[in-house]
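Working notes, structure below.
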Ligand SMILES: [Zn+2]
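In this note's numbering, the protein residues as written are 546 to 807.
So this is what it looks like as C-alpha cells:
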C-alpha cells in the first residue's frame, strides 16, 4: 500500500477548501510538490550518506510552523484537535532526524510506516471534520470563520450550500453581488444559509409567481423565481430588514415581468 500516495490524495481533497479559507499557510501545508518531497525524504530517513540531515530538519520545522500559523488563523476546536495529533508525529520525525547517523540508520520500516499512517489518519480526520462538521449548513456560522469565508462558502461551486442554486445577477439586490461584496453580518448569514438549504415550511410563501422566504422577524428575506418564471432554484434577490420597502415593491410585480440573468 502506498501511504505517501494516499496522504497526497487526502491533501488534494482538503485543498478544495483552500479557496474558501483563503489562508496562505493552509495552501502551503497541502502543496503537492513540497509535501511529496518531505515524504520522499522521510522514506529515506534510514539510508546512509545520502541524507541531508540539516536541511531536512529545517524543512520539517518550517512545515510545523506553517501548521501552527494555520491553526492560529483558523480558530476551530476540531482543527486544533487534529493538529494536536499531527504535531506529535512531526515532533517525532524531528527527533528522529536529530539522531546521529548510526542510530538513524537503524530506524526500521515499521517505524516509518507508522509515522506515515499517523500523518494519513490526521489528514483523513481533518477532512472528516471539514465535511461532516465544520463546513455544514448547520455549523458553518459557528465554525470560527469570518463573514468573507462564509460568503465564499455559500457561493462555492463544488461544496457550497448554494452550489445547486442559480444566482441572479440582475437588479440592485442581486444575491451574487451582495455575497461577493460580503454585504451581510453573521446573523443574516445564518438565516440566508437556513433559507437556502432547509427553509421552515411556515416561512415559505408564494406571491405573484415569486417564492418568498422569510417571516416577520427574519433579518433577511429571500425571493426566488418560480418554476413558471425561471426556476425555483433561481435566487432573485436578498433583502435586509432595512430594505423592506424595496422588497415589497419588487414583490408587488409579477415575477414574470421582472427579468433575471445568470
Ligand atoms: Zn432566473
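Positions of the beta carbon are idealized from the N, C-alpha and C atoms, including for glycine. Note that the structure is predicted; figures quoted are calculated from it, not measured.
By alpha-carbon positions, which one of the options ends up nearest to residue i?
i           : options            : result
residue 615 : 688, 684, 746, 573 : 573
residue 635 : 648, 625, 608, 620 : 608
residue 660 : 631, 686, 727      : 631
residue 606 : 588, 640, 624, 623 : 640
residue 807 : 604, 643, 623, 715 : 715
residue 672 : 599, 784, 626      : 626
residue 648 : 779, 590, 565      : 590
residue 550 : 724, 668, 749, 726 : 668
residue 719 : 654, 745, 795      : 795
residue 787 : 691, 777, 729, 570 : 729
residue 612 : 597, 623, 595, 571 : 571
residue 650 : 600, 691, 592      : 592
residue 638 : 662, 602, 619      : 602
residue 561 : 604, 724, 704, 595 : 704
residue 773 : 717, 682, 751      : 751
residue 547 : 581, 804, 746, 558 : 581
residue 621 : 599, 682, 725, 686 : 686
residue 691 : 665, 724, 708, 717 : 724
residue 717 : 583, 652, 791, 645 : 791
residue 587 : 652, 727, 708      : 652
residue 565 : 727, 693, 584      : 693
residue 519 : 633, 623, 689, 683 : Residue 519 lies beyond the stretch modelled for the chain, which goes from 546 to 807, so this question has no answer here.
residue 775 : 594, 599, 655, 805 : 805
residue 708 : 727, 803, 681      : 681
residue 777 : 749, 785, 793      : 749
If I follow the unbroken beta strand (DSSP E) through residue i, where does it start and stop?
i           : result
residue 704 : No beta strand (DSSP E) holds residue 704; DSSP gives it neither H nor E.
residue 714 : Residue 714 -> no beta strand (DSSP E), and no H or E assigned at all.
residue 749 : 749 to 752
residue 758 : 755 to 758
Report, in whole angstroms, the separation of the C-beta atoms of residue i and residue j, which I expect to be a contact under 8 Å.
i           : j           : result
residue 553 : residue 577 : 6 Å
residue 779 : residue 711 : 4 Å
residue 771 : residue 754 : 5 Å
residue 713 : residue 782 : 7 Å
residue 618 : residue 568 : 5 Å
residue 555 : residue 665 : 7 Å
residue 584 : residue 604 : Contact doesn't hold; Cβ gap of about 11 Å is too wide.
List the DSSP bridge partners of residue i.
i           : result
residue 780 : 712, 769
residue 802 : Partner(s): none; residue 802 has no beta bridge.
residue 785 : 765
residue 543 : This structure cannot settle anything about residue 543, because the visible part of the chain is limited to 546 through 807.
If I follow the unbroken alpha helix (DSSP H) through residue i, where does it start and stop?
i           : result
residue 585 : 577 to 588
residue 565 : 563 to 566
residue 662 : 654 to 674
residue 692 : 692 to 700
residue 629 : 622 to 642
residue 619 : Segment: none, residue 619 is in no alpha helix (DSSP H) and carries neither H nor E.
residue 728 : Taken as a continuous stretch (DSSP letters only), residue 728 belongs to no alpha helix (DSSP H), as it is neither H nor E.
residue 554 : 548 to 559
residue 647 : 646 to 649
Report task. Say whether the region 677 to 688 touches the region 754 to 764, bearing in mind that this needs 3 or more beta-carbon pairs closer than 8 Å, one atom from each stretch. Result -> In short, these stretches do not touch, since the Cβ pair count stays below three.
Report task. Indicate whether the contact test is met: 3 or more Cβ pairs, each with one atom in the region 734 to 745 and one in the region 687 to 701, closer than 8 Å. Result -> Cβ pair count under 8 Å is three or more, so yes.
Report task. Would you check if the region 738 to 749 and the region 789 to 802 touch, i.e. whether three or more CB-CB distances between them fall below 8 Å? Result -> They do not touch, by the three-pair rule.
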